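First residue of the sequence shown? That's 7 in this note's numbering, and the numbers climb one at a time after it.
Cβ coordinates follow ideal geometry from the N, Cα and C atoms, glycine included.
Quantities reported herein were computed from a predicted structural model and do not represent experimental measurements.
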Amino acid sequence: MCYNISAETNPYALEELLEAKYEDYSDWDPFHAISGFAHPRLPVLTSEDPAKIRRMTWGLIPHWAENHAKAAELKNQTLNAKSETIFEKPSFRYPILRRRCLVPVTGFYEWQSVNGKKFPYFIYSKNKKPFVLAGIYDNWVDTDTGEILQGFSILTTEANPMMARIHNSKQRMPLILPHEKQKAWISANAGRLELESLMQVFDETEMDSHTVSKLVTQHANVPEAKDPFDYPELGLMLF
Numbered sequence: 007m008c009y010n011i012s013a014e015t016n017p018y019a020l021e022e023l024l025e026a027k028y029e030d031y032s033d034w035d036p037f038h039a040i041s042g043f044a045h046p047r048l049p050v051l052t053s054e055d056p057a058k059i060r061r062m063t064w065g066l067i068p069h070w071a072e073n074h075a076k077a078a079e080l081k082n083q084t085l086n087a088k089s090e091t092i093f094e095k096p097s098f099r100y101p102i103l104r105r106r107c108l109v110p111v112t113g114f115y116e117w118q119s120v121n122g123k124k125f126p127y128f129i130y131s132k133n134k135k136p137f138v139l140a141g142i143y144d145n146w147v148d149t150d151t152g153e154i155l156q157g158f159s160i161l162t163t164e165a166n167p168m169m170a171r172i173h174n175s176k177q178r179m180p181l182i183l184p185h186e187k188q189k190a191w192i193s194a195n196a197g198r199l200e201l202e203s204l205m206q207v208f209d210e211t212e213m214d215s216h217t218v219s220k221l222v223t224q225h226a227n228v229p230e231a232k233d234p235f236d237y238p239e240l241g242l243m244l245f
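#1: What first and last residue would you give for the alpha helix (DSSP H) that runs through Pro17?
#2: Just list the residues that DSSP pairs Pro126 with in beta bridges.
#3: If you measure between the beta carbons of Trp64 and Pro36, is that distance less than 7 Å?
#4: Using C-beta distances below 6 Å, list every residue in its chain close to Pro136, excluding the 5 sequence neighbours before and after it, in chain order.
#5: Three or more C-beta pairs under 8 Å: does that hold for the segment 122-130 against the segment 79-96?
#6: Apart from the five residues on each side of it in sequence, which residues of its chain come closer than 7 Å, Cβ to Cβ, to Phe235?
#7: On the criterion of 16 or more Cβ atoms from any shown chain inside 10 Å, does Gln156 qualify as buried, or is it exposed?
#8: I'd like the list of long-range same chain contacts for Thr223, defined as Cβ closer than 7 Å, with 5 residues on each side in sequence excluded.
#9: Report yes or no: do three or more beta-carbon pairs, one from the segment 139-159 and one from the segment 27-36, lie closer than 8 Å?
#10: Since Thr151 sits in a beta bridge, which residues does DSSP pair it with?
#11: Considering Leu80, what are the terminal residues of the beta strand (DSSP E) in which it resides?
#12: Taking the beta carbon of Thr91 as the centre, do at least 16 other beta carbons fall within 10 Å, making it buried, or is it exposed?
#13: Roughly how many angstroms lie between the CA atoms of Pro238 and Val120, to the nearest whole one?
#14: Using 7 Å as the threshold, is the C-beta distance between Glu153 and Val207 below it?
#15: For the alpha helix (DSSP H) holding Lys88, just list the boundary residues, first then last.
Below, the structure is given as C-alpha cells:
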C-alpha cells in the first residue's frame, strides 16, 4: 500500500506540473517524509475545481459518516483505495464517479521484507521530477459545527516488477498517472469504463529507487530522510 510520501515541490512548480493556479502561496509546507496516518494537508487538484490547486487532508471521510467517532475511524482506513474494488466499496463508490483528484508528489516510501527484517526504500521518477498520483475525495459535514471537511484517498494497483521486488509483502503500488491521462482523470464527464482504462500499472522503466535510513520509520520529516543509505547486510541476505 502507499502510506508514506514525499511532497516537496513548491507552488510555482506545482502550477507548471498541473497547469492550474495555486490557491494560497502562504499555505504551503514541504513534506520530505510524511505518513498518511498523520493526516497531512497536501496539494491536490480536484474535478470540482480543476483550475485551482488547494490543500486537502489525506484520509477520506465518507459523506455518510454519522458522527465524529465514525469519521475518525474511517479516515484511518481510507488512506488508500484499491482500484480493483473501488466501484463496490461503500466509502469509495460515490467519490470515484463524482469526486476525483490529482495528488502531486516527489516520491513515496515502501519497505522490503527480507528474513524477518524490513528495509525502507525511496521510490521516485527516473527523471527525478515530481509526478502525479490518482486520488478520490469526499465532503463530510461536521455534525457539530456544520463545517465541510474534505479528505482524499490515494488509489493503488498491483505492483509492477520493480515494486513487487521492493514491496514484496503486499506487492502493491500507488496508481501513477502519466501526463496524458491526468486531465481525463479529473474530467467531470468520465464514466466507469474510461476510468477503468486509466487504472493501469505504471511502467517500471520510468521509475527508480534506493534504500534509505530508518529516519522515515521514525517519522522524521527532514530532507535527509530520502538520502541513499546502504545496508551491507541486505546484500548478504539477498544473495
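To lay it out plainly:
#1: Mapped onto the sequence shown, residue 17 falls at position 11. 17-24 is the extent of the alpha helix (DSSP H) around Pro17.
#2: Counting from one through the sequence shown, the residue named residue 126 turns up at place 120. Residue pairing by DSSP places Pro126 opposite Trp117 in a beta bridge.
#3: As a first step, residue 64 must be located in the sequence shown, where it is residue number 58. As a first step, residue 36 must be located in the sequence shown, where it is residue number 30. In this structure, Trp64 sits away from Pro36, with a CB-CB distance that is not shorter than 7 Å.
#4: Mapped onto the sequence shown, residue 136 falls at position 130. Here the set comprises Thr15, Leu23, Pro110, Thr112.
#5: Three or more beta-carbon pairs separated by less than 8 Å are not found between the segment 122-130 and the segment 79-96, which leaves the two stretches without contact.
#6: In the sequence shown, the residue the question calls residue 235 occupies position 229. Counting only residues of its own chain and dropping the five nearest sequence neighbours on each side, Phe235 has a CB closer than 7 Å to the CB of Thr217, Val218, Ser219.
#7: What you label residue 156 is simply residue 150 of the sequence shown in a count that begins at 1. Residue environment analysis places Gln156 among the buried positions, since at least 16 neighbouring C-beta atoms fall within 10 angstroms of its C-beta.
#8: In the sequence shown, counting from the first residue as 1, residue 223 sits at position 217. Here Thr223 has Pro126 as same chain residues with Cβ atoms under 7 Å from its own Cβ, once five neighbours each way along the sequence are excluded.
#9: Contact between the segment 139-159 and the segment 27-36 is absent: fewer than 3 CB-CB pairs across the two stretches fall below 8 Å.
#10: Here the question's residue 151 lines up with position 145 in the sequence shown. Thr151 is not bridged to any residue.
#11: The residue labelled residue 80 in the question sits at position 74 within the sequence shown. Bounds of any beta strand (DSSP E) do not take in Leu80; it lies within the alpha helix (DSSP H) bounded by 74-83.
#12: Stepping through the sequence shown from its first residue, residue 91 is reached at position 85. Residue environment: Thr91 is assigned as exposed (fewer than 16 neighbouring CB atoms within 10 Å of its CB, all protein chains considered).
#13: Within the sequence shown, residue 238 is the residue found at index 232, counting from 1. Within the sequence shown, residue 120 is the residue found at index 114, counting from 1. So the alpha carbons of these two residues sit roughly 13 Å apart.
#14: Within the sequence shown, residue 153 is the residue found at index 147, counting from 1. Within the sequence shown, residue 207 is the residue found at index 201, counting from 1. Here Glu153 is not near Val207, since their CB atoms are 7 Å or more apart.
#15: Here residue 88 refers to the residue found at position 82 of the sequence shown. For Lys88, there is no enclosing alpha helix (DSSP H); the residue is found in the beta strand (DSSP E) stretching over 86-88.
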